[in-house]
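Notes follow the structure.
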Amino acid sequence: MTPVATHCPYCSLQCGVTMRLNPKPVLEPADFPTNRGGLCAKGWSAAELLDHPERLTTPLVREHDKLRPATWEEAVDRVVEAIRAAQDRYGSDSVGCFGGGGLTNEKAYQFGKFARVALRTPYIDYNGRFCMSSAATAGNRAFGVDRGLPFPLADIAHAQTVLLVGSNPADTMPPAMQYFDAGRAQGAAHIVVDPRYTATARGSTLHLQPTPGTDLALANGLLHIAIRAGYVDEAYIAERTTGFAAVRAAVAAYWPDRVERMTGVPVAHLRRAVELLGTAPSAMVLTARGTEQHRNGTDTTQAWINLALALGLPGRPYSGFGTVTGQGNGQGGREHGQKADQLPGYRRIDDPAARAHVAAVWGVDPATLPGPGVSAVELLDRLGRPGGIRALLVLASNVVVSAPDRNRVRDRLGALDFLAVSDIFLSETAALADVVFPTAQFAEEDGTMTNLEGRVLRRRRVLDPPDGVRDDLALLSTLAERLGAPGFSPDSEEVFDELRRASAGGIADYAGISYDRIDAEQGVFWPCPADDHPGTPRLFEERFATADGRARFIRVDHTDPAETPDREYPYVLTTGRIMQQYQSGTQTRRARSLHASATDPKVELHPDLARRLGIAAADLVELRTRRGRAVFRAQLTDTIRPDTVFAPFHWGGEQSANALTDPVLDPHSKMPAFKVCAVAITPIRED
Ligand code: SF4
Numbered sequence: 228m229t230p231v232a233t234h235c236p237y238c239s240l241q242c243g244v245t246m247r248l249n250p251k252p253v254l255e256p257a258d259f260p261t262n263r264g265g266l267c268a269k270g271w272s273a274a275e276l277l278d279h280p281e282r283l284t285t286p287l288v289r290e291h292d293k294l295r296p297a298t299w300e301e302a303v304d305r306v307v308e309a310i311r312a313a314q315d316r317y318g319s320d321s322v323g324c325f326g327g328g329g330l331t332n333e334k335a336y337q338f339g340k341f342a343r344v345a346l347r348t349p350y351i352d353y354n355g356r357f358c359m360s361s362a363a364t365a366g367n368r369a370f371g372v373d374r375g376l377p378f379p380l381a382d383i384a385h386a387q388t389v390l391l392v393g394s395n396p397a398d399t400m401p402p403a404m405q406y407f408d409a410g411r412a413q414g415a416a417h418i419v420v421d422p423r424y425t426a427t428a429r430g431s432t433l434h435l436q437p438t439p440g441t442d443l444a445l446a447n448g449l450l451h452i453a454i455r456a457g458y459v460d461e462a463y464i465a466e467r468t469t470g471f472a473a474v475r476a477a478v479a480a481y482w483p484d485r486v487e488r489m490t491g492v493p494v495a496h497l498r499r500a501v502e503l504l505g506t507a508p509s510a511m512v513l514t515a516r517g518t519e520q521h522r523n524g525t526d527t528t529q530a531w532i533n534l535a536l537a538l539g540l541p542g543r544p545y546s547g548f549g550t551v552t553g554q555g556n557g558q559g560g561r562e563h564g565q566k567a568d569q570l571p572g573y574r575r576i577d578d579p580a581a582r583a584h585v586a587a588v589w590g591v592d593p594a595t596l597p598g599p600g601v602s603a604v605e606l607l608d609r610l611g612r613p614g615g616i617r618a619l620l621v622l623a624s625n626v627v628v629s630a631p632d633r634n635r636v637r638d639r640l641g642a643l644d645f646l647a648v649s650d651i652f653l654s655e656t657a658a659l660a661d662v663v664f665p666t667a668q669f670a671e672e673d674g675t676m677t678n679l680e681g682r683v684l685r686r687r688r689v690l691d692p693p694d695g696v697r698d699d700l701a702l703l704s705t706l707a708e709r710l711g712a713p714g715f716s717p718d719s720e721e722v723f724d725e726l727r728r729a730s731a732g733g734i735a736d737y738a739g740i741s742y743d744r745i746d747a748e749q750g751v752f753w754p755c756p757a758d759d760h761p762g763t764p765r766l767f768e769e770r771f772a773t774a775d776g777r778a779r780f781i782r783v784d785h786t787d788p789a790e791t792p793d794r795e796y797p798y799v800l801t802t803g804r805i806m807q808q809y810q811s812g813t814q815t816r817r818a819r820s821l822h823a824s825a826t827d828p829k830v831e832l833h834p835d836l837a838r839r840l841g842i843a844a845a846d847l848v849e850l851r852t853r854r855g856r857a858v859f860r861a862q863l864t865d866t867i868r869p870d871t872v873f874a875p876f877h878w879g880g881e882q883s884a885n886a887l888t889d890p891v892l893d894p895h896s897k898m899p900a901f902k903v904c905a906v907a908i909t910p911i912r913e914d
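Here's what the structure looks like:
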């Protein structure tokens with residue numbers, strides 16, 4: 228068969244691959260602009276899951292407390308009956324929807340429309356709230372727009388200094404490292420900020436290792452030094468920004484000695500970092516989840532934006548501020564209405580003009596569109612409560628593993644009258660459902676994804692899904708029809724054409740993007756408002772997307788994390804990803820080749836801490852927080868701070884890092900504080 232060009236199903240790099248049938252699906256890396264022939268272990272393994280023996284190939288319905296196979300008709304009947312029963316008894320907003328950052332743009336769009344038009348509920352949100360919402364909020368308030376990288380990824384190779392905060396692409400998206408490596412090979416200076424001495428940090432010029440939860444103080448401290456050293460770009464600040472005076476006044480209190488005490492980063496390192504940034508002709512500040520997943524994640528991201536603006540970076544060649552997004556369609560997934568407060572095109576759902584525009588595309592009265600709902604964690608917290616959500620439909624999300632404080636999440640799911648889940652495998656969340664729908668995988672469907680650069684690209688069908696499997700567009704079309712809301716096409720290109728019209732004139736404007744153009748141009752960068760518009764690889768060259776065209780400085784100050792170590796919980800727990808696994812692990816834990824290299828999750832401890840606690844390498848240890856416990860094998864490493872331990876979050880059951888994490892939310896983005904909580908550590912004696 229002729230090879231088909233498509234993309235890896237996992238992270239936001241969306242590496243290009245070619246696939247062919249031989250006779251099984253074979254996948255190889257392609258020369259796409261993001262990966263240029265590179266692929267990580269996860270991508271190489273993706274085709275393994277297409278015929279995996281645990282794959283769901285028939286709907287399941289719960290009977291006598293067990294799931295049994297059922298026909299699509301029976302499963303759909305059950306869902307429709309449950310929705311009607313809940314809405315007849317409790318009202319339309321007793322039904323909720325929970326989506327995922329791995330859904331194509333078409334599915335994310337259709338899911339948002341389904342919630343507002345077919346269900347008439349405000350309650351829809353998605354797991355992207357866990358992923359990049361703090362940077363999105365900070366980007367919107369500073370620049371008037373949220374696009375992960377406002378420039379192509381390849382620009383990183385040309386930046387003479389890169390400050391990378393809370394990101395470890397060497398492990399999470401290895402093909403992206405070619406751009407960092409190319410810059411370093413040409414003499415670029417790279418500064419990595421991370422409490423762990425990661426694989427990315429090992430290749431850097433300078434590693435800053437702050438106490439988790441002190442990044443904002445670190446950023447303000449660097450800006451303090453930059454102002455004193457005369458590195459700020461006064462002309463840029465005057466011409467292109469507002470609000471610097473308040474920020475200048477605020478950071479005056481972040482003198483270097485104080486910042487060293489707050490963060491643990493030596494003054495000499497602070498000064499060196501500022502010198503590398505301030506003297507470079509081109510420089511980038513890049514952040515990621517390490518910056519965001521805190522109670523003050525939006526303000527922390529803002530502090531790094533303030534630094535970038537003060538140095539005059541955004542909009543300059545090979546310079547700027549950007550965020551490395553995480554999930555495959557984390558960017559597009561939040562642009563088209565899957566988020567509680569937004570309509571397609573990144574429009575605010577409480578904006579009357581936006582409601583009128585989208586309602587016209589949908590053929591409904593704007594007055595019938597619900598208003599804003601609540602964020603993911605808040606939505607989960609409403610499940611089964613009096614006056615709350617009684618029935619929930621989940622697409623492409625495994626919240627029992629991925630949401631913070633998973634014991635509470637399990638309790639809330641258990642309090643529902645009805646839960647339906649669509650997934651590839653029987654995930655930990657699907658196992659609790661009343662109805663489970665088997666859905667298509669990446670190589671079995673068409674659609675578009677929007678990667679970390681804002682590049683809209685094509686996912687192409689290589690083979691048909693197995694008998695019994697349908698994709699989520701078909702599911703939503705059937706459910707909407709049965710609920711009396713026709714007009715939900717199951718065809719991805721038809722849905723994309725509708726999405727283009729719905730997004731037209733919005734911030735994330737896809738009006739000029741078509742499947743044909745994506746095919747011809749290796750993706751198209753939004754905004755792209757017309758067929759003859761070239762797309763926008765680089766934002767902010769002339770103006771920002773604010774009303775006055777200027778970027779906004781916003782004063783932010785350090786606040787302590789919600790939990791700091793005490794006698795009962797004396798250490799800091801931070802969580803994150805490892806190279807072989809992706810998100811809740813529903814897929815990657817089942818890939819044989821990945822499982823062979825990462826069978827068990829391990830908690831990273833510094834040898835000094837392990838010695839104090841009587842823990843040897845590979846011992847079982849129990850981690851306890853105020854919310855729960857989890858058990859991991861110990862991995863001793865001097866790459867982590869002695870007061871901090873790191874646990875990966877890809878596993879469920881006893882190995883669930885999210886049994887431990889704190890569901891406290893950032894007040895602006897409503898993102899949970901996955902990166903810091905207080906933990907106790909006890910060795911487990913194995914006899
Ligand atoms: Fe590329 Fe990310 Fe897939 Fe790895 S997981 S192959 S980095 S898209």
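Per our numbering, the very first residue in the sequence shown carries number 228; after that it's consecutive.
C-beta atoms are modelled at their ideal positions from N, C-alpha and C, and glycine is treated no differently.
Exercise for the section: Using only alpha-carbon positions, find the residue among LEU887, CYS242 and ARG794 that is nearest to ARG263. Expected result: CYS242
Handout entry: C-alpha gap between LEU276 and TYR237, whole angstroms
Key = 12 angstroms
Problem - Length of the line joining the Cα atoms of PRO493 and HIS451 - result: 15 angstroms
Handout entry: Inter-residue spacing [alpha-carbon to alpha-carbon] between PHE669 and GLY555
Key = 11 angstroms
Exercise for the section: Tell me where the beta strand (DSSP E) around PRO910 begins and ends. Expected result: 904 to 911
Handout entry: Nonlocal neighbours in the same chain, by C-beta distance under 8 angstroms from ASP775, ignoring five residues either side
Key = THR469
Problem - Collapsed DSSP secondary structure at ASP793 in the structure displayed - result: coil
Problem - Residues sharing a beta bridge with LEU570, DSSP - result: ARG574
Exercise for the section: Pick out whichever of LEU690, ALA845 and LEU643 has its Cα sitting closest to the Cα of VAL253. Expected result: LEU690
Practice task
Count the other CB atoms, across all protein chains shown, that sit within 10 Å of the CB of LYS269; report buried if there are 16 or more and exposed otherwise.
Solution key: buried
Practice task
Please list the segments of the alpha helix (DSSP H) lying wholly inside the segment 568 to 628, counting only runs of 4 or more residues, in order along the chain.
Solution key: 579 to 589 and 603 to 608
Exercise for the section: Could you tell me if the beta carbon of TYR317 falls within a distance shorter than 8 angstroms of some heavy atom in the ligand SF4? Expected result: no
Practice task
Within 10 angstroms of the Cβ of ALA844, are there 16 or more other Cβ atoms? Answer buried if so, exposed if not.
Solution key: exposed
Practice task
Count the C-beta pairs between the segment 692 to 703 and the segment 741 to 751 that are closer than 8 angstroms, then say yes if the count reaches three, no if not.
Solution key: no
Handout entry: THR229 classed as buried or exposed, judged by whether at least 16 other C-beta atoms fall within 10 angstroms
Key = exposed
Handout entry: Distance between VAL478 and ASP827 (C-alpha atoms, nearest Å)
Key = 44 angstroms
Exercise for the section: Would you tell me roughly how many angstroms separate the C-alpha atoms of VAL858 and ALA473, rounded to the nearest one? Expected result: 47 angstroms
Exercise for the section: Return the residue from the list ASP278, HIS234 and MET489 that minimises the CA-CA distance to PRO250. Expected result: ASP278
Exercise for the section: Answer yes or no: the CB of LEU710 versus the heavy atoms of the ligand SF4, is any distance below 8 angstroms? Expected result: no
Practice task
Say whether the segment 367 to 379 touches the segment 483 to 502, bearing in mind that this needs 3 or more beta-carbon pairs closer than 8 angstroms, one atom from each stretch.
Solution key: no
Practice task
Grab me the residues of GLU881's own chain with a C-beta within less than 7 angstroms of its C-beta, minus the 5 sequence neighbours each way, in chain order.
Solution key: ALA857 and VAL858
Practice task
Compare the Cα-Cα distances from GLY318 to each of PRO349, ALA412 and LEU620 and report the closest residue.
Solution key: PRO349
Practice task
Could you check the C-alpha separation between ALA950 and GLU913 for me, to the nearest Å?
Solution key: The requested residue 950 is not part of the displayed model; the chain covers only 228 to 914.
Handout entry: Proximity to PRO483 [Cα-Cα], best of PHE471, LEU449 and ALA232
Key = LEU449
Problem - Extent of the continuous beta strand (DSSP E) to which ILE418 belongs - result: 416 to 420
Exercise for the section: May I ask you to check if the CB of SER239 is nearer than 8 angstroms to at least one heavy atom of the ligand SF4? Expected result: yes
Problem - Distance CB(LEU606)-CB(GLY600) smaller than 9 angstroms - result: yes
Practice task
Reducing DSSP to helix, strand and coil, say where ASP352 ends up.
Solution key: strand
Exercise for the section: Classify ILE911 as buried or exposed, calling it buried when 16 or more other Cβ atoms lie within 10 Å of its own Cβ. Expected result: exposed
Exercise for the section: Tell me whether CYS242 counts as near the ligand SF4, meaning its Cβ is closer than 8 angstroms to at least one heavy atom of that ligand. Expected result: yes
Practice task
Could you name the residues of the same chain whose beta carbon sits closer than 6 angstroms to that of ASN395, not counting the 5 residues immediately before and after it, in chain order?
Solution key: THR425 and THR427
Exercise for the section: Report yes if the C-beta of TYR406 is less than 8 angstroms from at least one heavy atom of the ligand SF4; otherwise report no. Expected result: no
Exercise for the section: Check whether the Cβ of MET400 lies closer than 8 angstroms to any heavy atom of the ligand SF4, and answer yes or no. Expected result: yes
Practice task
Determine the burial state of LYS829: buried for a count of at least 16 other Cβ atoms within 10 Å of its Cβ, exposed for fewer.
Solution key: buried
Handout entry: Endpoints, alpha helix (DSSP H) assigned at ALA232
Key = Careful: ALA232 lies outside any alpha helix (DSSP H), inside the beta strand (DSSP E) at 231 to 234.
Handout entry: Rounded separation between ARG816 and GLU721 - CA only
Key = 34 angstroms
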